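The structure appears below as structure tokens.
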Amino acid sequence: MRAVVYDRYGPPEVQRLEEVARPVPRDDEVLVRIFATTVNRLDCATRDANRRSGPAIALISRAVFGIRRPRRRILGSELSGVVEAVGTNVRQFAVGDQVFGATGIGFGAHAEYICMRGNARIAHKPIGLSFEQAAPICDGAFNALACLKQAHLKKGQTILIYGASGAIGTAGVQLARQYGAHITAVCSTRNLELVKSLGADAVIDYTKEDFTRNGQTYDVIFDAVGKLSFRRCRGSLKRGGRYLATDGFRNLLLALRPWVVDGKKVRFPTSMPTKNDILMIKGLIDAGAYRPVIDRCYPLEEVVEATRYVETEQKTGNVVLTVSATS
Ligand SMILES: NC(=O)c1ccc[n+]([C@@H]2O[C@H](COP(=O)([O-])OP(=O)(O)OC[C@H]3O[C@@H](n4cnc5c(N)ncnc54)[C@H](OP(=O)(O)O)[C@@H]3O)[C@@H](O)[C@H]2O)c1
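The numbering of the sequence shown is my numbering, which starts it at 2 and goes up by one.
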């Protein structure tokens, strides 16, 4: 089968298409023929051994993914496709089922085929979505959900979502609605209408207004794009408020410290996404309460161009790679 591989950490150009062996499903696995996948920030950070996140995170990244070179040669953490073969112990899926799912840091989705356990984060594709629309469901939603779970949001509480137009941000706005929170979304001018359409009650254009100086306070501030700091946001948090971080070693240390001032806490995502999470998100899509936002689609052959675009950190929502024709 064709797959995008990389054998050393580095820039987008370390990736190339190669013929590799097609995986064979074990008894508890399904073989999925992949029609679409994505390039996301997790792919980019892992491919570059998290070099931009500082030496501590870079070291952890190499310890997990391979000290000198990547142990797993194929990136790609989410996909949609059709079940082509089913292991003897799998009950949830049959040959021909249309599915979507996420492999997380297991990766492997930048390929024509992948094996996944039947009880892994894989579910039947929502009927109303194409394969291209279904591939990017998981990454932003799982990351946003892991953060929001830490906030213990209650109906009527206020949340400010910074970076509301990215993969995590667009998911965060839609998922925060499910908690009944009042949402203020922060993004640049070009994305204001989009985030309103996703359910934001109020919007702030950060090119025109600094939310930390307008006197408003929030129960939760969710930095969905890793561009803020707790220090900068502290004055905009209500007493007992929570600051949700998506990355940053400093935020991890702040979340671990045992003392708090004014009850204001930093929270870092700790939970791993589960099968229940993917089924919950599928339920929201089926009910018309959630939609993955897609910026651009590239063919698999253009993975380097797609990656360069993701690394501009300016994508709106998600970037999709089409792997196989759907007919
Ligand atoms: N995706 C993952 O798998 C993953 C996993 C773990 C952690 N993270 C971290 O989570 C963060 C967000 O990831 P993502 O995939 O959601 O990001 P993303 O999709 O790449 O975010 C892109 C969006 O960020 C906005 N943006 C860019 N610079 C900004 C700035 N200075 N201030 C405010 N908004 C800005 C841009 O919209 P505007 O033009 O509207 O500003 C753009 O639409 C990153 O820090 C990433 O490292 C990601």
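C-beta atoms are modelled at their ideal positions from N, C-alpha and C, and glycine is treated no differently.
Here the structure is a predicted model, which means the values were calculated and not measured.
**Prompt:** What are the boundary residues of the alpha helix (DSSP H) that includes residue 78?
**Reply:** Neither: residue 78 is in no alpha helix (DSSP H) and is coded neither H nor E.
**Message:** If I follow the unbroken alpha helix (DSSP H) through residue 261, where does it start and stop?
**Reply:** That residue, residue 261, is in no alpha helix (DSSP H); it is neither H nor E in DSSP.
**Prompt:** Per DSSP, what kind of secondary structure is residue 178 in: helix, strand or coil?
**Reply:** helix
**Prompt:** With 16 other CB atoms within 10 Å as the buried threshold, where does residue 275 fall?
**Reply:** exposed
**Asked** Between the Cα of residue 151 and the Cα atoms of 244, 181 and 95, which residue gives the shortest distance?
**Response** 244
**Contacts around residue 238, its chain only, beta-carbon distance under 7 Å, and the 5 residues preceding and following it disregarded** = 218, 219, 222, 244 and 265
**Prompt:** In terms of residue numbering, what span does the beta strand (DSSP E) encompassing residue 219 cover?
**Reply:** 219 to 224
**Request:** Answer yes if the segment 281 to 295 comes into contact with the segment 252 to 264, meaning at least three C-beta pairs across the two stretches below 8 Å, and no otherwise.
**Result:** no
**Start and end residues, alpha helix (DSSP H) containing residue 138** = Looking at the DSSP string, residue 138 is not in any alpha helix (DSSP H), and its letter there is neither H nor E.
**Request:** State yes or no: is the C-beta of residue 294 nearer than 7 Å to some heavy atom of ligand 2?
**Result:** Although ligand 2 was asked about, the structure shown includes only ligand 1 as ligands.
**Message:** Rounded to the nearest angstrom, what separates residue 121 and residue 33 at their Cα positions?
**Reply:** 13 Å
**As assigned by DSSP and simplified to three states, the class of residue 82** = strand
**Prompt:** Are the segment 99 to 113 and the segment 76 to 90 touching, with three or more C-beta to C-beta distances below 8 Å?
**Reply:** yes
**Message:** Quick check: the Cα distance between residue 11 and residue 91, rounded to an integer number of angstroms?
**Reply:** 38 Å
**Segments of 3+ residues assigned as beta strand (DSSP E) that fall wholly inside the segment 295 to 321** = 295 to 300
**Prompt:** Buried or exposed: which applies to residue 313, given that a residue is buried once 16 or more other Cβ atoms fall within 10 Å of its Cβ?
**Reply:** exposed
**Message:** Considering only the alpha carbon of each residue, which of 119, 196 and 140 lies closest to residue 171?
**Reply:** 196
**Request:** Grab the span of the beta strand (DSSP E) containing residue 276 for me, first residue to last.
**Result:** Premise fails: residue 276 lies in the alpha helix (DSSP H), 276 to 287, not in any beta strand (DSSP E).
**Message:** Under 8 Å: do the segment 285 to 298 and the segment 137 to 146 share three or more Cβ pairs, one atom per stretch?
**Reply:** yes
**Request:** Let me know the secondary structure DSSP gives residue 152 once reduced to three states.
**Result:** coil
**Asked** Run through DSSP, which three-state label would residue 30 get?
**Response** strand
**Asked** Do residue 177 and residue 146 have their CB atoms nearer than 8 Å?
**Response** no
**Item:** CB of residue 250 within 8 Å of CB of residue 58, strictly
**Value:** yes
**Message:** Taking the alpha-carbon of residue 94 as reference, which of 82, 180 and 119 has the nearest alpha-carbon?
**Reply:** 119
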